[in-house]
Amino acid sequence: TNGTNNNMGIYFVTAHNNNISANYITTDGATSGNAGIYMEVSTSNRFENNSIYTNGTSSNTGFELLSNSHNNIFLNNTLFTFGSSINNYGIRISSSSANHFNLTTVTTRGIASDHAVSLIASSSSNTFFGNSFTTLSTTSHGVDVTRDTTISRNNSFYNDQFNITHNKSLEWNGLHNNIATNLTFLR
């Protein structure tokens with residue numbers, strides 16, 4: 002897709018039990034809010050072997066899971082999320098739980114706050130295994146968990162690799178019972 006803003010490669014609202022595999026998705030908007038895969042109230046979907054490239058000014062996202070998008074599987078995907086400004090995310094999860102991300106490569110670039118993974122608003126019990134996270138801009142984190150009025154709990158990170166060029170690999174605020182095991186940190 003190619004337009005001004007809010008371009009979506011795949012747009013799921015109340016979509017369940019779909020398999021999306023072996024696609025090349027590009028969303029290249031002139032301004033902000035472009036997403037490779039956008040999900041809202043969508044459950045039990047599977048995304049495998051997809052390559053996603055998003056670009057614009059700010060608030061671009063590779064995978065965006067919002068409002069009760071639960072039990073989705075993401076396997077062996079590649080995400081490039083770029084922007085000429087701030088707040089570009091590889092994976093952004095809000096109020097969604099029990100999603101699984103395995104063997105996914107995420108690269109983000111902008112000018113600041115371009116996080117590989119952002120968990121907000123009570124996003125709990127999500128699992129990340131064997132992923133590679135790279136951020137190429139200042140004040141950007143591999144995983145950024147922001148405490149707003151709710152708390153994200155029981156998220157797990159296993160065997161993931163972080164290549165964070167300018168800031169923290171993990172920024173966890175207001176978390177409870179989260180697990181980080183056998184992680185690799187590169188600079």
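When we follow the numbering used here, the leftmost residue of the sequence shown carries the number 2, and every step to the right adds one.
By construction, the Cβ of each residue, glycine as well, lies at the ideal position given by its N, Cα and C atoms.
- For His17, there is no enclosing beta strand (DSSP E), as DSSP gives it neither H nor E.
- Its chain contains Leu120, Ser123, Ser124, Ser125, Val146 and Leu176 as the residues whose beta carbon lies nearer than 7 angstroms to that of Ser153, once the 5 sequence neighbours on both sides are disregarded; these appear in chain order.
- A distance of 8 angstroms or more separates the beta carbons of Thr58 and Leu80.
- Sequence-distant partners of Tyr12 (beyond 5 residues in either direction) whose C-beta falls short of 6 angstroms from its own C-beta, in its chain, are Tyr39.
- Annotated three-state conformation of Leu76 is strand, per DSSP.
- By the Cβ neighbour-count rule, Asn88 is buried, with 16 or more other Cβ atoms within 10 Å of its own.
- For Phe83, same chain residues with a beta-carbon under 6 angstroms away, outside a window of 5 residues either side, are Asn56 and Arg110 in chain order.
- In the displayed model, Ala113 falls within a strand according to three-state DSSP.
- Secondary structure at Leu67: strand, using DSSP grouped into helix, strand and coil.
- Going by C-alpha positions, Val14 is about 14 angstroms away from Gly37.
- Judged by beta-carbon spacing, Asn19 lies within the 8 angstroms limit of Asn46, meaning their Cβ atoms are closer than that value.
- Looking at the DSSP output, Ser95 shares a beta bridge with Leu67 and Ile121.
- Taking a C-beta distance under 8 angstroms as the contact criterion, Leu104 and Asn127 do not qualify as a contact pair.
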